[in-house]
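Residue numbers (the working numbering): 5 to 381.
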């Protein structure tokens, strides 16, 4: 038989040619296509509606559940400081976790369309101000916290993206991301979430633009510009719906796995503030009447390290105790955008002068926004 004389290499070539013939015939013959995959979108849609409904029913009963556990199961006196703190903790912990799960999964699917290579390609070659705007908006939907955004920052600089544009992304990615906006919407309403987004984007765009106009490329460490960014590998367009759902679930596992400890710590701090801090104290320290409250809030926030999920429960408790909105948002922005660990990592990439300019420009933007909102609102 002729097949007995085939070598392994020729046999492999024959198999590949046969596969190409079958694939081309299936493209023109509908009878060889399976109808099963066509039902997947309807299955996903039905399952999604059922799961969201169950999520919503449980979410609505969280106040009653936390109250029953605190005052009935634990027999703690209503109106006591410890009772208020425990109920706040038992209510906010599942609430924040449920919001995180929903938001991260939904935006994780959106993120499957934005690989680091595609983000870099979108920003390369843009003029300065348009690039700042695009970079800030891309920061909302790209999966990077303040520390993990630094490696992508290096890739941007190495690929020739303007320095000011990379800073707009570096500021916006941790500060105005989907977790911050989703939690602010769920906990404090759409007006606060929209205000925070507008403020954060403005700070990111203007700070990046100012840094870009200062022509400080020489203050980037030399080894960064010598890196070969490599070949783009933008293959996300071939992902199926199932692939994107898996990507969204992987994002849930990865992000919640990273931030849950900060969420618990943040809610614990918020519970202490909610239960034990007198109403008038926060109003006097972080209220509108004290001119020094905004600089103090920014100065307190910079040495701290947390992500949006961890700091928002503290913001919720501070606002509940009478702190001014502008002061609290300035505190939140400084914690997320100017954290000490981020500065340590940036020192490997930037020279001290550029780091100082970065901190100064962003701090000034946050201070101005804090004062503005305390005056207007």
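Each residue gets a CB set at the ideal place from its N, CA and C atoms; glycine is no exception. Note that the structure is predicted; figures quoted are calculated from it, not measured.
Pull the bridge partners of residue i from the DSSP assignment, please.
i           : result
residue 224 : 354
Classify residue i: buried if its beta carbon has 16 or more other beta carbons within 10 angstroms, exposed otherwise.
i           : result
residue 116 : buried
residue 99  : buried
residue 331 : buried
residue 278 : buried
residue 397 : Here the chain covers residues 5 to 381 and nothing more, so residue 397 does not appear.
residue 364 : exposed
residue 65  : exposed
residue 200 : buried
residue 380 : exposed
residue 3   : In the structure as shown, the chain begins at 5 and stops at 381. Residue 3 is therefore absent and cannot be evaluated.
residue 306 : buried
residue 76  : exposed
residue 327 : buried
residue 90  : buried
residue 69  : exposed
residue 142 : buried
residue 97  : buried
residue 304 : exposed
residue 358 : buried
Please say whether residue j and residue i have beta carbons closer to each other than 8 Å?
i           : j           : result
residue 215 : residue 180 : no
residue 302 : residue 371 : yes
residue 267 : residue 313 : yes
residue 114 : residue 172 : no
residue 317 : residue 261 : no
residue 354 : residue 224 : yes
residue 167 : residue 220 : yes
residue 203 : residue 336 : no
residue 188 : residue 140 : no
residue 315 : residue 339 : yes
residue 377 : residue 329 : yes
residue 136 : residue 212 : yes
residue 334 : residue 298 : yes
residue 81  : residue 94  : no
residue 366 : residue 175 : yes
residue 112 : residue 255 : yes
residue 193 : residue 107 : no
residue 252 : residue 109 : yes
residue 63  : residue 249 : no
residue 207 : residue 369 : yes
residue 228 : residue 183 : no
residue 59  : residue 101 : no
residue 290 : residue 343 : no
Once DSSP output is grouped into helix, strand and coil, what is the label at residue i?
i           : result
residue 178 : helix
residue 171 : helix
residue 230 : coil
residue 239 : Residue confidence for residue 239 is low, a pLDDT of 45 falling below 50, so the modelled location carries little weight; the figure read from the coordinates is stated next. In this structure, residue 239 counts as coil in the three-state DSSP scheme.
residue 164 : coil
residue 343 : coil
residue 99  : helix
residue 381 : coil
residue 61  : helix
residue 319 : helix
residue 288 : helix
residue 109 : helix
residue 306 : coil
residue 83  : coil
residue 364 : helix
residue 78  : coil
residue 116 : coil
Hey, quick one: how far does the alpha helix (DSSP H) through residue i stretch, first residue to last?
i           : result
residue 296 : Neither: residue 296 is in no alpha helix (DSSP H) and is coded neither H nor E.
residue 208 : 194-217
residue 328 : Residue 328 -> no alpha helix (DSSP H), and no H or E assigned at all.
residue 280 : 245-280
residue 69  : 66-71
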